[in-house]
Ligand code: FPP
């Protein structure tokens, strides 16, 4: 599939976009439907956003699909979300391959039901030859736990004498995170108007631009996604410096 960087009057296209997909429950409630109906419609938004991100030349798209905290939702909702995830991973292989998308995941994957883990492996393998967008699903993800696990691993390496405490720096810490193979997000989008990070990528988004859309995730389509990218393109990133010395 061909990509069209810098079309749609976007200005600069972020290399990595991370999305907090919020508002499925409210979308359903507003229609007197069960919450899972909102999640189901949310999958359609996932498909649209993945396709659009690939089209405009985004290289990495990280979606917050299931947080560590989401395990505390009612059992029926958790089970329905797991089924939806498994179905998505199974049914989407054709679409991902057609769009040259490679599937990745971050988070405590071992927490997921075995069926989901197996399908995740299958879909990862089935898309591993694709060279376009890398779609990273955050599953059973929590940023504080990610950083804590990194600290534990580093402490073990120090205890074994493999490294000294002075070797611990930002690069070393980042190399122990789930995201070690990905650049930091340039843009983070949250839907449904909430102004919270919800334990998502706390380390990695230190310098990301934040765009909050009032639109609920099931209503978040191509135009809303492109609007967020346009807003990013209009901002001047200074990384704590001054404009004339900006990195980009
Ligand atoms: C937040 O809405 C959304 C989630 C907890 C799950 C996100 C899941 C999907 C978009 C569908 C499955 C995803 C994939 C990749 C197959 P909410 O339930 O917190 O909404 P609310 O705040 O309005 O209650």
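In my numbering, the protein residues as written are 1308 to 1555. No residue lacks a Cβ here, since even glycine has one placed at the ideal position from N, Cα and C. Predicted model, so just to flag it, every value in this text is computed and none were measured.
Asked	Found
Exposed or buried, residue 1398, counting other C-beta atoms within 10 Å across all chains shown (16 or more means buried)?	exposed
By a C-beta neighbour count over all protein chains shown, 10 Å radius and 16 as the cutoff for buried, is residue 1502 buried or exposed?	exposed
From residue 1490 to residue 1391, what distance separates their C-alpha atoms?	28 Å
What residue range is occupied by the uninterrupted beta strand (DSSP E) comprising residue 1369?	1367-1374
Between the alpha carbons of residue 1319 and residue 1492, how many angstroms are there, rounded?	14 Å
Buried or exposed: which applies to residue 1342, given that a residue is buried once 16 or more other Cβ atoms fall within 10 Å of its Cβ?	buried
Measuring only the C-alpha atoms, how far is residue 1555 from residue 1324?	Confidence at residue 1555 is low in this model, with a pLDDT of 43, below 50, so the placement of that residue should be treated as unreliable; the coordinate-derived value is given next. Rounded to the nearest angstrom, the two C-alpha atoms are 16 Å apart.
Pull up the distance between the alpha-carbon of residue 1315 and that of residue 1533, whole angstroms please.	8 Å
Taking the straight line between their C-alpha atoms, what separation do you get for residue 1450 and residue 1477?	16 Å
For the ligand FPP, I want to know if residue 1372 counts as a neighbour, meaning its beta carbon is within less than 7 Å of at least one of the ligand's heavy atoms.	yes
So, do the stretch 1463-1478 and the stretch 1429-1446 have three or more beta carbon pairs nearer to each other than 8 Å?	no
Buried or exposed for residue 1309, please, with buried defined as at least 16 other CB atoms from any protein chain shown within 10 angstroms of its CB.	Bear in mind that a pLDDT of 45 at residue 1309, under 50, signals an unreliable position, so the number given afterwards is only what the model happens to contain. That one is exposed.
Going by other Cβ atoms of all chains shown within 10 Å of its Cβ, with 16 needed for buried, is residue 1317 buried or exposed?	buried
Am I right that residue 1522 and residue 1498 are in contact with their C-beta atoms under 8 Å? What's the rounded C-beta distance?	6 Å
Is residue 1507 near the ligand FPP, in the sense that its beta carbon is under 7 Å from a heavy atom of that ligand?	no
Based on DSSP bridge pairs, tell me the residues matched to residue 1441.	1367 and 1409
Exposed or buried, which one is residue 1440 when buried takes at least 16 other CB atoms within 10 Å?	buried
Unbroken beta strand (DSSP E) runs of length 3 or more, entirely within the stretch 1314-1347: which are they?	1323-1327
Identify the continuous beta strand (DSSP E) that holds residue 1497 and give its terminal residues.	1494-1497
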